[in-house]
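Peer 1:
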Amino acid sequence: MAATEREVNKARRYYRDFREHLNALEERSKLVRIKRPINKDTELMPLVRWQFRGLEQEERKAFIFENVTDAKGKRYAMPVTVGTLAATTDIYAIGMMCDPEEIHERWTRAQIHPVDPVRVASGPTQEIVWQGADLLKGHGLDALPVPISTPGFDNAPYLTSANWITKDPDTGVYNIGNYRGQIKAPDRVGGLFTSQHMGQHWRKCKALGKRLEAAIAIGVIPSIAYAATAKIPYDFDEYRLAGGLAGEPVELVRCKTIDLDVPATAEIIIEGTIPTDALEPEGPFGEYPGYMGHRTMSPYLEVTCITHRRDAIYTALMSQFPPSESSKIKHTGTEKILYKFLRHDSGNAAVMD
Numbered sequence: 232m233a234a235t236e237r238e239v240n241k242a243r244r245y246y247r248d249f250r251e252h253l254n255a256l257e258e259r260s261k262l263v264r265i266k267r268p269i270n271k272d273t274e275l276m277p278l279v280r281w282q283f284r285g286l287e288q289e290e291r292k293a294f295i296f297e298n299v300t301d302a303k304g305k306r307y308a309m310p311v312t313v314g315t316l317a318a319t320t321d322i323y324a325i326g327m328m329c330d331p332e333e334i335h336e337r338w339t340r341a342q343i344h345p346v347d348p349v350r351v352a353s354g355p356t357q358e359i360v361w362q363g364a365d366l367l368k369g370h371g372l373d374a375l376p377v378p379i380s381t382p383g384f385d386n387a388p389y390l391t392s393a394n395w396i397t398k399d400p401d402t403g404v405y406n407i408g409n410y411r412g413q414i415k416a417p418d419r420v421g422g423l424f425t426s427q428h429m430g431q432h433w434r435k436c437k438a439l440g441k442r443l444e445a446a447i448a449i450g451v452i453p454s455i456a457y458a459a460t461a462k463i464p465y466d467f468d469e470y471r472l473a474g475g476l477a478g479e480p481v482e483l484v485r486c487k488t489i490d491l492d493v494p495a496t497a498e499i500i501i502e503g504t505i506p507t508d509a510l511e512p513e514g515p516f517g518e519y520p521g522y523m524g525h526r527t528m529s530p531y532l533e534v535t536c537i538t539h540r541r542d543a544i545y546t547a548l549m550s551q552f553p554p555s556e557s558s559k560i561k562h563t564g565t566e567k568i569l570y571k572f573l574r575h576d577s578g579n580a581a582v583m584d
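The sequence shown begins at 232 in my numbering and counts up one residue at a time.
(1) With DSSP as the reference, label V263 as helix, strand or coil.
(2) Short check: CB of E358 to CB of H539, under 9 angstroms?
(3) Can you tell me the Cβ-Cβ gap for P512 and M523, rounded? I've got them flagged as a contact below 8 angstroms.
(4) DSSP beta-bridge partners for Y531?
(5) Consult DSSP for L472 and reduce its assignment to one of helix, strand or coil.
(6) Could you check where the alpha helix (DSSP H) with K437 kicks off and where it finishes?
(7) Of the choices V404, T496, E444, K292, whose alpha-carbon is the least far from that of C536?
(8) Could you compute how far the alpha carbon of A352 sits from the alpha carbon of G383?
(9) Counting only runs of 4+ residues fully inside the stretch 312-370, write out the alpha helix (DSSP H) ranges in chain order.
(10) Hey, T563 and A317: beta-carbon distance below 9 angstroms or not?
(11) Identify, in the order they occur along the chain, each residue of the same chain with its Cβ nearer than 7 angstroms to the Cβ of A233, setting aside the five sequence neighbours on each side.
(12) Can you tell me the Cα-Cα spacing of A242 and E336, whole angstroms?
(13) I'd like the span of the alpha helix (DSSP H) that includes K305, first residue to last.
(14) Is it buried or exposed, A448, if we count other Cβ atoms within 10 angstroms and call 16 or more buried?
(15) Run the CB neighbour count on P355, radius 10 Å, all protein chains shown included, and call it buried at 16 or more, exposed below.
(16) To the nearest angstrom, report how far apart W281 and K441 are at their CA atoms.
(17) Quick one: give me the first and last residue of the alpha helix (DSSP H) that Q282 is part of.
(18) If I measure Cβ to Cβ from I502 and keep anything under 6 angstroms in the same chain, skipping five residues before and after, which residues do I get?
(19) With C-beta atoms as the reference, is F294 less than 9 angstroms away from T273?
(20) Residues in the same chain with beta-carbon distance under 8 angstroms from R247, minus the five sequence neighbours each way, listed in chain order, please.
(21) In terms of alpha-carbon separation, which member of K567, S260, N298 lies closest to I544?
(22) Along the alpha helix (DSSP H) that carries F249, what are the first and last residues, could you check?
(23) Would D492 pass as a contact of V404 if the rule is Cβ separation under 9 angstroms?
(24) Out of G450, M549, A438, which one is the CA nearest neighbour of D508?
(25) Below 8 angstroms CB to CB, which residues in the same chain sit around M201 once its five sequence neighbours on both sides are set aside?
(26) Closest by CA to Y465, which one among A473, R541, H432?
(27) May I ask you to list the residues that DSSP assigns as paired with G412?
(28) For D586, which residues from the same chain have a beta carbon less than 8 angstroms from its beta carbon, with the 5 sequence-adjacent residues on both sides left out?
(29) Could you please give me the residues that DSSP links to Y545 through a beta bridge?
(30) To the nearest angstrom, report how far apart M549 and I463 are at their CA atoms.
(31) Pull up the CB-CB distance for Q413 and A387, whole angstroms please, since I reckon it's below 8 angstroms.
(32) For K305, does the count of other Cβ atoms within 10 angstroms reach 16, so buried, or fall short, so exposed?
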């Protein structure tokens, strides 16, 4: 970043929404707009992967595809962004509103001084609301331009920048996790989260004989996306961590059909419930270490409502085989958690990077 970047960041608050982050990327010549038609099922992700495999990190860009189709010729109203969160360290730092060398300390401060979220009466994420029969009439998941990450290998389009939101049925503490989501029907998403904190929520609800309520937020402010990929203690609310990263409270609104609070400025929110007495096949899908994950029996979300902003923007991660955005965003957050433990919790001042 330029020498004046730190001064600029100090003069402004954190991004109100994902669109402000996109504007920041474009101002710094980090965002490329693609206006020609792009097939999300065969072209989109391979084009982005090409730069990850062929360019040095500092040369990579984020992309916004403004004219998206599928393999059958369907045109989508929403553009698709890829690489906007962690294509490079510089892009990640822009998401944090800091210089790259300040990322360590920004993460440390957020863990030591998290900021509680605030609920607001309304937000742009609920400007458009679809539920009930409308979900099966062209306004369900089939309205989202979800790319196929690895054509020829993945068995379906998958949500890759999906921030799954649940809360502990006993304590009410929230968890936000970045877990993939297999599009199975206009009102059905498969998930792979049973080994994660969300899986503990699912098992607790199973023991109580009830469904787990869940929401998926897409196109959130970067601090939420970064918090969702970090490995933090079970009872540490990611909304509080995201507030710490942003330096201000995350604004939340209540869902339309379930008892959860979600980011008020998210581009898209998918609401639903997860049965705890049934599983379905999920996968295969490539994992961030570079291998195809095999098919497993996993839970699934039955969608009750989809809300989104006017002129919503769909967001995806360049996922799977490294180098990738998903590997970058995951290892960066994990690095910072370990850094805080080694340098501050353990009192080892010799740990620098």
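Just so it is clear, CB atoms sit at the ideal spot from N, CA and C, and this is done for glycine as well.
Keep in mind the model is a prediction, meaning the values are calculated, not measured.
Peer 2: Once the coordinates are examined:
(1) Start at 1 with the first residue of the sequence shown, and residue 263 comes out as number 32. Strand at V263.
(2) What you label residue 358 is simply residue 127 of the sequence shown in a count that begins at 1. What you label residue 539 is simply residue 308 of the sequence shown in a count that begins at 1. Cβ distance < 9 angstroms, so E358 and H539 count as in contact.
(3) Taking the first residue of the sequence shown as position 1, residue 512 is located at position 281. Taking the first residue of the sequence shown as position 1, residue 523 is located at position 292. With 8 angstroms as the limit, P512 and M523 do not qualify as a contact, their Cβ atoms being about 15 angstroms apart.
(4) Numbered from its first residue, the sequence shown carries residue 531 at position 300. BP columns for Y531 point to G421.
(5) Against the sequence shown, residue 472 aligns to sequence position 241. Correct three-state label for L472: helix.
(6) Translated into the one-based positions of the sequence shown, residue 437 becomes position 206. Per DSSP, the continuous alpha helix (DSSP H) segment holding K437 begins and ends at 428-439.
(7) The count along the sequence shown starts at 1 and reaches residue 536 at position 305. Of the residues V404, T496, E444, K292, the one whose Cα lies closest to the Cα of C536 is E444.
(8) For this step, residue 352 is matched to residue 121 along the sequence shown. For this step, residue 383 is matched to residue 152 along the sequence shown. About 45 angstroms.
(9) For the alpha helix (DSSP H) assignment, the uninterrupted runs of no fewer than 4 residues enclosed by the stretch 312-370 are, from N- to C-terminal side, 320-327, 334-343.
(10) Position 332 of the sequence shown, counted from the first residue, corresponds to residue 563. Position 86 of the sequence shown, counted from the first residue, corresponds to residue 317. Going by C-beta atoms, T563 is nearer than 9 angstroms to A317.
(11) The residue given as residue 233 occupies position 2 in the sequence shown. Model confidence at A233 stands at a pLDDT of 39, short of 50, so the residue's coordinates are unreliable and nothing is read from them.
(12) As a first step, residue 242 must be located in the sequence shown, where it is residue number 11. As a first step, residue 336 must be located in the sequence shown, where it is residue number 105. The predicted position of A242 is uncertain, since its pLDDT is 45 and thus under 50; no value can be drawn from it.
(13) Start at 1 with the first residue of the sequence shown, and residue 305 comes out as number 74. Taken as a continuous stretch (DSSP letters only), K305 belongs to no alpha helix (DSSP H), as it is neither H nor E.
(14) Within the sequence shown, numbered from 1, the residue matching residue 448 stands at position 217. It is buried - the Cβ of A448 has at least 16 other Cβ atoms within 10 Å.
(15) Numbered from 1 along the sequence shown, position 124 holds the residue referred to as residue 355. P355 is buried by the Cβ-count criterion.
(16) As a working note, residue 281 is residue 50 in the sequence shown. As a working note, residue 441 is residue 210 in the sequence shown. Distance between the alpha carbons of W281 and K441 is about 45 angstroms.
(17) Translated into the one-based positions of the sequence shown, residue 282 becomes position 51. Counted as a single uninterrupted DSSP element, the alpha helix (DSSP H) harbouring Q282 occupies residues 275-285.
(18) Taking the first residue of the sequence shown as 1, we reach residue 502 at position 271. Checking the displayed sequence, the identity of residue 502 turns out to be Glu instead of Ile. Residues of the same chain with a CB within less than 6 angstroms of the CB of E502, apart from the 5 flanking positions on each side, are A446, C486, T488, I489, T535, C536 in chain order.
(19) Counted from its first residue, the sequence shown places residue 294 at position 63. Counted from its first residue, the sequence shown places residue 273 at position 42. Taking 9 angstroms as the Cβ cut-off, F294 and T273 do not qualify as a contacting pair.
(20) Here residue 247 corresponds to residue number 16 of the sequence shown, with the count starting at 1. The answer, listed in chain order, is I452, T496.
(21) Locating residue 544 in the sequence shown gives position 313, where the first residue counts as 1. Among K567, S260, N298, the Cα nearest to that of I544 belongs to N298.
(22) Against the sequence shown, residue 249 aligns to sequence position 18. Start and end: 249-258.
(23) For this step, residue 492 is matched to residue 261 along the sequence shown. For this step, residue 404 is matched to residue 173 along the sequence shown. No. Outside cutoff.
(24) On the sequence shown, position 277 is the one that residue 508 refers to. Comparing Cα-Cα distances from D508 to each of G450, M549, A438, the minimum goes to A438.
(25) Nothing in the structure corresponds to residue 201, since the chain is present only between 232 and 584.
(26) As a first step, residue 465 must be located in the sequence shown, where it is residue number 234. Taking only the C-alpha atoms, the option nearest Y465 is H432.
(27) Within the sequence shown, numbered from 1, the residue matching residue 412 stands at position 181. Per DSSP, the beta bridge partners of G412 are L390, G422.
(28) In the structure as shown, the chain begins at 232 and stops at 584. Residue 586 is therefore absent and cannot be evaluated.
(29) Reading the sequence shown from its first residue, position 314 is the one you call residue 545. Y545 pairs with V311.
(30) If you number the sequence shown from 1, residue 549 lands on position 318. If you number the sequence shown from 1, residue 463 lands on position 232. Those two C-alpha atoms are separated by around 23 angstroms.
(31) As a first step, residue 413 is located in the sequence shown; it is residue number 182 there, counting from the start. As a first step, residue 387 is located in the sequence shown; it is residue number 156 there, counting from the start. In this structure Q413 touches A387 by the C-beta definition: roughly 5 angstroms separates them, less than 8 angstroms.
(32) Locating residue 305 in the sequence shown gives position 74, where the first residue counts as 1. It counts as exposed.
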